[in-house]
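For reference, the structure discussed in these notes is given below.
Protein chains: 2
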Amino acid sequence: MVVKTSKERIFEEAANLFREKGYQASSMRDLSDRVGLKPSSFYNHIKSKEEILQKICLDNAMKFVDGMKAIKKDSTDPLEQLQAVIRLHIDIAIKDRSSVTVFNDEWKHLSEPHLANFLKMRKRYEKEFKNIIETGIKKKVFRKVNPAIALFTILTSLKWIHYWHKPKRKISVKDLEKDIINLLVNGVSS
Amino acid sequence: MVVKTSKERIFEEAANLFREKGYQASSMRDLSDRVGLKPSSFYNHIKSKEEILQKICLDNAMKFVDGMKAIKKDSTDPLEQLQAVIRLHIDIAIKDRSSVTVFNDEWKHLSEPHLANFLKMRKRYEKEFKNIIETGIKKKVFRKVNPAIALFTILTSLKWIHYWHKPKRKISVKDLEKDIINLLVNGVSS
DNA sequence: GTCTATAACTTGATAGAC
DNA sequence: GTCTATCAAGTTATAGAC
Numbered sequence: 007m008v009v010k011t012s013k014e015r016i017f018e019e020a021a022n023l024f025r026e027k028g029y030q031a032s033s034m035r036d037l038s039d040r041v042g043l044k045p046s047s048f049y050n051h052i053k054s055k056e057e058i059l060q061k062i063c064l065d066n067a068m069k070f071v072d073g074m075k076a077i078k079k080d081s082t083d084p085l086e087q088l089q090a091v092i093r094l095h096i097d098i099a100i101k102d103r104s105s106v107t108v109f110n111d112e113w114k115h116l117s118e119p120h121l122a123n124f125l126k127m128r129k130r131y132e133k134e135f136k137n138i139i140e141t142g143i144k145k146k147v148f149r150k151v152n153p154a155i156a157l158f159t160i161l162t163s164l165k166w167i168h169y170w171h172k173p174k175r176k177i178s179v180k181d182l183e184k185d186i187i188n189l190l191v192n193g194v195s196s
Numbered sequence: 007m008v009v010k011t012s013k014e015r016i017f018e019e020a021a022n023l024f025r026e027k028g029y030q031a032s033s034m035r036d037l038s039d040r041v042g043l044k045p046s047s048f049y050n051h052i053k054s055k056e057e058i059l060q061k062i063c064l065d066n067a068m069k070f071v072d073g074m075k076a077i078k079k080d081s082t083d084p085l086e087q088l089q090a091v092i093r094l095h096i097d098i099a100i101k102d103r104s105s106v107t108v109f110n111d112e113w114k115h116l117s118e119p120h121l122a123n124f125l126k127m128r129k130r131y132e133k134e135f136k137n138i139i140e141t142g143i144k145k146k147v148f149r150k151v152n153p154a155i156a157l158f159t160i161l162t163s164l165k166w167i168h169y170w171h172k173p174k175r176k177i178s179v180k181d182l183e184k185d186i187i188n189l190l191v192n193g194v195s196s
């Protein structure tokens, strides 16, 4: 994919723009400046502004759903699964910063029925995540924590990476993953 | 404060509205419907729409800054300080859900110089938080974790409470605080 | 201090020439 | 497939009556 099509450039620049300014504050004219096409030309490639948001949200949701599916297939050990899920979140955040930020922060601007679909997928994902924690507790691999609280604490704690990680930082992705897993699994206490 | 002034009602309903729809997607007409005043009447009480956002962001920033100051005064033990900071975040999130959500998610729509001020305050707060972690490591109260990674993981992990906590949930604030502190300090591993 | 009316501007999207 | 021109609707904020 050396030469990008106009359509690809629209989606890529839109993700960058939406990440920086938010979906609502980003106008088609702003996007036009970045893509190098007049706003009217967009409509040969997309149906509407919201279609861009829909695709970004759906594509990222699929990355998480597919990743979770693979994890559950690869291992049945809750600790291994938890570690793999943490790695999944970090890898997705680092691979496409803009797109995952839009997925995290701008989904609320989806219209129906896309919003309902999105929330249904998210709920299902959270359920699978919580199941890992609950199984870990049952097998005594994890301490007896409140599964819902552990779920949201861990899930939310993985949302800063896209904001913090820049290629210039000296830490490698492998080390970053190791440190975060260590922190969430073992805590800070000595 | 039994009877609320128009000004108070504007700020209160604005926080609710901005939380639900986002700042940019919230119009003065939307706000008008909730407050029960015509949009033009707002301008007897406020200078602009952004002034509302500015006040919400600044007020909440001050809550965190003041809270941090009190914590550093009350104790010099890093573990006690960390526990108190976690409680601070949870208490603020539960006491005024809407306002803290706007503070968390909508600050990017501040114009200069308010945006720069906000970011400066945030950076200073993060520095004080990181200092607790670094001191804890030096005193061997905490394990030798990467302080920046621990800072952001813990800080971010506290951002789901406003979204999850509803009075109808059976768990008390005290128990919620205990569970989250336990999780972040000791991890999930048994 | 609230209202009606409206100014001044920006928005997403379309029509139609090339 | 890109452009110019433009529309219809929505935006924040103000002027001035009461």
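Residue numbers (our numbering), protein chains in the order written: chain A, 7 to 196; chain B, 7 to 196. All residues carry an ideal CB built from backbone N, CA and C; glycine is no exception. The model shown is predicted, which means the values in this text are computed figures rather than measured ones.
- What leucine 190 of chain B touches in chain A, judged by beta-carbon distance under 8 Å, is Thr159, Gly193 and Val194, going in chain order.
- Here the C-alpha atom of glutamine 30 of chain B lies approximately 6 Å from the C-alpha atom of alanine 31 of chain A.
- When Cβ-Cβ separations below 8 Å define contact, lysine 114 of chain A makes contact with chain B.
- By the criterion of at least three beta-carbon pairs nearer than 8 Å, the stretch 38-55 of chain B is not in contact with the stretch 140-158 of chain B.
- Within the stretch 21-33 of chain B, those residues whose Cβ lies closer than 7 Å to any Cβ of chain A are, in chain order, Gly28, Gln30 and Ala31.
- Contact check for isoleucine 92 of chain B against isoleucine 187 of chain B passes: the beta carbons are separated by less than 8 Å.
- Under the three-state reduction of DSSP output, serine 32 of chain B falls in the coil class, being neither helix nor strand.
- Of all alpha-carbon atoms in A:Met74, A:Pro45, A:Lys101 and A:Val106, the one lying nearest the alpha-carbon of leucine 64 of chain A is that of A:Val106.
- Any Cβ of chain A closer than 8 Å to the Cβ of aspartate 36 of chain B would place that residue at the interface, and such an atom is absent.
- Between the beta-carbon of isoleucine 96 of chain B and that of glutamate 19 of chain B there is about 25 Å, and that puts the pair past the 8 Å contact cut.
- At a Cβ-Cβ threshold of 8 Å, asparagine 192 of chain A and glycine 193 of chain B count as neighbours.
- With contact defined as three or more Cβ pairs closer than 8 Å, the stretch 64-73 of chain A and the stretch 35-48 of chain A are not in contact.
- Taking a Cβ-Cβ threshold of 8 Å, the residues of chain B close to phenylalanine 148 of chain A are Val194, Ser195 and Ser196, in chain order.
- Of the other Cβ atoms in all chains shown, fewer than 16 fall within 10 Å of the Cβ of valine 9 of chain A; this residue is therefore exposed.
- DSSP places serine 117 of chain B outside both helix and strand once states are collapsed to three, so it counts as coil.
- Runs of alpha helix (DSSP H) with 4 or more residues, each lying fully within the stretch 131-183 of chain A, are found at 153-163 and 167-170, listed in chain order.
- Under DSSP, the beta-bridge partners assigned to serine 195 of chain B are A:Phe148.
- For lysine 146 of chain B, the closest C-alpha among the options A:Ser195, A:Ala90, A:Met34 and A:Phe158 is that of A:Ser195.
- Per DSSP, the continuous alpha helix (DSSP H) segment holding asparagine 22 of chain B begins and ends at 12-27.
- Look at glycine 42 of chain A here: in three-state DSSP terms it is coil, with no helix or strand label.
- Interface with chain B (8 Å Cβ-Cβ cutoff): asparagine 152 of chain A is included.
- Put simply, the stretch 163-177 of chain B does not touch the stretch 170-182 of chain A. Fewer than three CB pairs are less than 8 Å apart.
- Here the C-alpha atom of arginine 15 of chain A lies approximately 16 Å from the C-alpha atom of valine 108 of chain A.
- Closest in C-alpha terms to threonine 11 of chain B, from the list B:Ser33, B:Asp36, B:Val41 and B:Leu88, comes B:Val41.
- Threonine 11 of chain A has a beta carbon lying at 8 Å or more from every beta carbon in chain B.
- Taking the beta carbon of alanine 156 of chain A as reference, the chain B residues within 7 Å of it are Leu189 and Val194, listed in sequence order.
- The continuous alpha helix (DSSP H) containing threonine 107 of chain A extends over residues 103-111.
- Rounded to whole angstroms, threonine 159 of chain A and methionine 127 of chain B show a C-alpha spacing of 25 Å.
- Put simply, the backbone Cα of glycine 142 of chain B is about 7 Å away from that of leucine 85 of chain B.
- Taking a C-beta distance under 8 Å as the contact criterion, glutamate 112 of chain B and phenylalanine 24 of chain B qualify as a contact pair.
- DSSP, reduced to helix, strand and coil, places valine 8 of chain B outside both helices and strands of the structure shown, so it counts as coil.
- The beta-carbon distance between serine 117 of chain A and alanine 21 of chain A, rounded to whole angstroms, is 19 Å. This is too long to meet the 8 Å contact definition.
- Measuring C-alpha to C-alpha distances from lysine 174 of chain A to each of A:Ile100, A:Lys79 and A:Phe124 identifies A:Ile100 as the nearest.
- Taking 8 Å as the CB threshold, serine 54 of chain A stays off the interface with chain B.
- Taking 8 Å as the CB threshold, isoleucine 186 of chain B lines the interface with chain A.
- Excluding sequence positions up to five before and after alanine 67 of chain B, its CB lies within less than 6 Å of the CB of Met127, all in the same chain and listed in chain order.
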